[in-house]
Amino acid sequence: MRTDPRTTTVTEVDPARWLEEYGDALFRYALSRLHDTSHAEDMVQETLIAALQSRNRYSGLASERTWLTGILKHKIIDFIRKQVRELTVDDINALSDAATENELDRLFDARGYWIRPPGDWGNPDKVLHNHQFLDTFEICMENLKPALAHIFVLKELSGLTNEEICNTLNITATNCGVMLYRARMGLRRCLDARWCQDDNRKP
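Those letters in the sequence shown? Residues 2 to 204, by the numbering used here.
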């Protein structure tokens, strides 16, 4: 049971409605972060099970959708933590500072200017609401190595700080910085190739 803060009326929490009313939204949320249909479905299922088990602790201060999304967010972070922690030390160390410096050498000249400037992605506010751009972004995320995609999700979509990411994934600050750099540069290169073409951009 929960109390509606607007009316102080006690109402029943009905888990039977959750999948029908919130299932699609939860699935889209999970898929946008995991880029894998099977994993997204698993996370939604685990979320609903966890919510069912803890429904008596639901205070009603937030909407059911917000509450369920919060549970899902933590489930996804736990999943990513497990995925990254299964990497070997060599896997993590393969993203080394030396390799990053080599990449920087290919991007900038001796004065620090772009050798090949990033393409023009258009007005940022409009682009973020462009379904075609979002589809392209999803493809680019899928093309990243999973560990890089995961750390990008934690930083940019889940809003974790670098320190929180390090603690969550048990990695060093250096590795965190390098992996975030590579994720961002990988996305930039992919979007430059797939989005910054005149025939792919629509007003």
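For glycine and all other residues, C-beta sits at the position ideal for the given N, C-alpha and C. These numbers were taken from a predicted model, which means no experiment stands behind them.
Minimum C-alpha distance to residue i - residue among the options
i    : options                 : result
I72  : D193, R86 and L53       : L53
P147 : C167, R34 and A26       : R34
F153 : R56, G178 and Y30       : G178
T48  : A194, L158 and W19      : W19
K76  : S159, L135, E65 and N57 : S159
E157 : A41, D136 and R185      : R185
V45  : I166, T137 and T70      : T70
C-alpha gap between residue i and residue j, whole angstroms
i    : j    : result
E164 : I172 : 10 Å
T8   : E22  : The pLDDT assigned to T8 is 42, lower than 50, so where the model puts this residue is not dependable, and the model offers no usable value.
T169 : R82  : 6 Å
L155 : L161 : 6 Å
L181 : A17  : 40 Å
L192 : D15  : 43 Å
L27  : S55  : 18 Å
E139 : L62  : 33 Å
T38  : A194 : 25 Å
F134 : T175 : 31 Å
W64  : D136 : Per the sequence presented here, residue 64 reads as Ser, with Trp not at that position. Their Cα atoms are separated by approximately 29 Å.
H40  : L32  : 8 Å
G24  : R183 : 33 Å
I50  : R29  : 18 Å
R66  : R86  : 30 Å
N57  : K74  : 20 Å
Distance cut-off 7 Å: residue i Cβ against heavy atoms of the ligand SAH
i    : result
T173 : The ligand SAH is absent from the structure shown, which contains no ligands of any kind.
Contacts around residue i, its chain only, beta-carbon distance under 7 Å, and the 5 residues preceding and following it disregarded
i    : result
G187 : L145 and L149
I166 : I152, L155, K156 and C177
Beta-carbon contacts of residue i that lie in its chain and below 8 Å, excluding the five residues immediately before and after
i   : result
W68 : A52 and Y59
A99 : Since pLDDT at A99 reaches only 43, below the 50 mark, its modelled position is unreliable, and the value read off the structure follows with that caveat. The answer is none, since no qualifying residue turns up.
Q84 : P147, A148 and H151
Cut-off 6 Å between Cβ atoms - residues of its own chain near residue i, not counting five sequence neighbours on either side
i    : result
H36  : M142 and E143
D216 : It is not possible to answer for residue 216, since the shown part of the chain is limited to 2 through 204.
Point to revise | Within the region 6-77, ranges of the beta strand (DSSP E) (whole runs, at least 3 residues) | key: 10-12
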